[in-house]
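**Q** In the working numbering, the protein residues as written are 72 to 427.
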Ligand code: DOR
Ligand code: ZN
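(1) Residue 87 bridges to which residues according to DSSP?
(2) In chain order, which continuous runs of the beta strand (DSSP E) of length 3 or greater are located wholly inside the region 195–270?
(3) Let me confirm a value: residue 343 is counted as buried when at least 16 other C-beta atoms fall within 10 Å, else exposed. Which label applies?
(4) For a test of your reading of the model: does the CB of residue 334 fall under 7 Å from any non-hydrogen atom of the ligand ZN? Yes or no.
(5) Tell me the rounded alpha-carbon separation between residue 173 and residue 207.
(6) Look up residue 177 in the DSSP assignment and say whether it is helix, strand or coil.
(7) Under 8 Å, with one C-beta from each stretch per pair, do the region 300–313 and the region 350–358 reach the 3-pair mark?
(8) Check whether the region 385–402 and the region 315–332 touch, using three or more Cβ-Cβ pairs below 8 Å as the test.
(9) Got a sec: does the ligand DOR put a non-hydrogen atom nearer than 7 Å to the Cβ of residue 302?
(10) Relative to the alpha-carbon of residue 138, which residue among 180, 204 and 122 has its alpha-carbon at the smallest distance?
(11) Quickly, what does DSSP pair residue 272 with across the bridge? List them, please.
(12) Going by alpha carbons, who is nearest to residue 406 out of 224, 335 and 427?
(13) Taking C-alpha atoms, which residue in 293, 234, 226 and 413 lies nearest to residue 265?
(14) Quick check: the Cα distance between residue 73 and residue 132, rounded to an integer number of angstroms?
(15) Heavy atom of the ligand DOR less than 7 Å from the Cβ of residue 179, yes or no?
(16) Determine the direct distance from the alpha carbon of residue 129 to that of residue 111, and round the result to whole angstroms.
(17) What residues in its chain sit with their C-beta under 7 Å from that of residue 416, if we drop five residues either side in the sequence?
(18) Under a three-way DSSP split, which group does residue 300 fall into?
(19) What does the alpha-carbon distance come out to for the pair residue 90 and residue 226?
(20) By Cβ distance, which residues of its chain are closer than 6 Å to residue 240, with the 5 residues on each side in sequence left out?
(21) Between residue 278 and residue 349, which are expected to be in contact by the criterion C-beta below 8 Å, what is the C-beta distance as a whole number of angstroms?
(22) Expressed to the nearest angstrom, what Euclidean distance is found between the alpha-carbon atoms of residue 314 and residue 151?
(23) Let me check you understand the geometry: is the CB of residue 228 closer than 7 Å to at least one non-hydrogen atom of the ligand ZN?
(24) Report the three-state DSSP secondary structure of residue 403 (helix, strand or coil).
(25) Could you tell me which residues DSSP puts in a beta bridge with residue 420?
(26) Hey, residue 218 and residue 254 are a contact pair by Cβ (cut 8 Å); roughly how many whole angstroms apart?
(27) Is residue 257 close to the ligand HEM? I mean its beta-carbon at under 7 Å from any heavy atom of the ligand.
(28) Could you compute how far the alpha carbon of residue 371 sits from the alpha carbon of residue 294?
(29) Cα separation between residue 221 and residue 345?
(30) Terminal residues of the continuous alpha helix (DSSP H) containing residue 286?
(31) Quick one: measure Cβ to Cβ for residue 282 and residue 311, integer angstroms, because I've assumed they're closer than 8 Å.
(32) For residue 415, which of helix, strand or coil comes out of DSSP?
(33) Is residue 350 helix, strand or coil when you go by DSSP?
(34) Name the residue from 228, 247, 94 and 363 whose alpha carbon lies nearest to the alpha carbon of residue 376.
(35) Where do the N-terminal and C-terminal ends of the alpha helix (DSSP H) with residue 140 fall, by residue?
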């Protein structure tokens with residue numbers, strides 16, 4: 072029973088209203104999984120950059136348009152949400168196809184997955200030199216390049232793969248294409264923070280909700296924790312601290328991208344568990360928790376709603392959303408139609424509730 076005499080009265084500090092945000096990096100999958108997960112993103116965000124790592128990957132304008140239609144069909148009637156589609160770069164993708172897709176408005180950007188770097192990246196780029204003509208075309212039409220920044224080599228320690236990528240791949244690409252706009256996605260290291268801060272205006276980065284909260288120890292707390300495993304893998308604590316500082320810095324080169332990536336529980340809790348954390352159900356609440364801990368709730372709006380559109384050269388959203396300070400228990404498991412997913416923050420209480 073609520074004790075109305077002693078319950079604290081709501082104050083302005085209990086309600087956070089910001090311009091409607093966007094998610095600049097998300098996996099919405101396809102088929103049953105798309106039906107399951109799409110609205111978790113669409114209810115919080117006006118737009119999202121949708122990753123193309125389906126099987127087969129999205130490599131043509133027609134595939135991008137058809138996938139966009141499937142996403143819209145998976146949403147409840149009347150939901151206002153704009154999926155921003157991306158093309159998956161392969162060694163053999165046709166630069167003119169990519170350009171046509173961009174010019175017709177189907178594609179917003181291209182995604183570079185180094186081959187075998189992560190989930191469904193087998194068709195990715197085996198050597199960045201092979202996509203030089205596409206990058207040249209993208210630069211000439213001002214189409215952004217989105218990057219999964221990890222080298223793929225058994226000789227390079229998994230915790231070093233992002234830093235090595237900056238030096239071996241991204242640096243040379245940016246030198247060869249100085250006008251190409253690049254988003255270094257889901258950064259996990261202090262090295263990437265510095266690289267972006269010190270780089271030209273053409274480079275920006277997204278930061279996930281989970282990389283602001285976990286470090287590599289969280290994968291091994293009392294046993295192996297597959298639900299804390301994603302790629303790029305969480306790094307040492309000092310890297311997490313650098314990400315937290317960058318996110319709340321007010322530097323417009325850093326903005327929100329959840330990398331929410333659902334996998335069936337059985338595919339994560341397995342001898343070879345999949346990489347990916349499903350943060351969409353609690354994305355804004357999780358970011359708010361981090362920004363509050365950093366004493367920077369007033370910086371959340373820039374990070375979530377303003378800096379992304381500025382970099383992508385798109386209009387900001389008109390509406391607003393509200394988060395209320397109220398303890399919210401996050402379920403251990405989300406289930407529907409044979410799908411079982413453990414969400415980020417499962418079993419915890421998060422101090423904010425998204426109210427729409
Ligand atoms: O953790 C991840 N999951 N990282 C990626 O790069 C891909 C994603 C997925 O598709 O599951
Ligand atoms: Zn991703």
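We put the beta carbon where it would ideally sit given N, CA and C, even for glycine. These numbers come from a predicted model, not from an experiment.
**A** Result, derived from the coordinates:
(1) 394
(2) 216–218 and 253–255
(3) exposed
(4) no
(5) 14 Å
(6) coil
(7) no
(8) no
(9) yes
(10) 122
(11) Partner(s): none; residue 272 has no beta bridge.
(12) 335
(13) 234
(14) Because the pLDDT at residue 73 is just 41, under 50, the model does not fix this residue reliably, and the value given afterwards should be weighed accordingly. Using only the alpha carbons, I get a separation of about 56 Å.
(15) no
(16) 22 Å
(17) 353, 357 and 401
(18) coil
(19) 45 Å
(20) 199
(21) Between residue 349 and residue 278 the Cβ distance is about 17 Å, and since that is not below 8 Å, they are no contact.
(22) 31 Å
(23) no
(24) coil
(25) 400
(26) 7 Å
(27) Looking for the ligand HEM in the displayed structure turns up nothing; the ligands present are the ligand DOR and the ligand ZN.
(28) 34 Å
(29) 17 Å
(30) Taken as a continuous stretch (DSSP letters only), residue 286 belongs to no alpha helix (DSSP H), as it is neither H nor E.
(31) 7 Å
(32) coil
(33) coil
(34) 94
(35) 132–144
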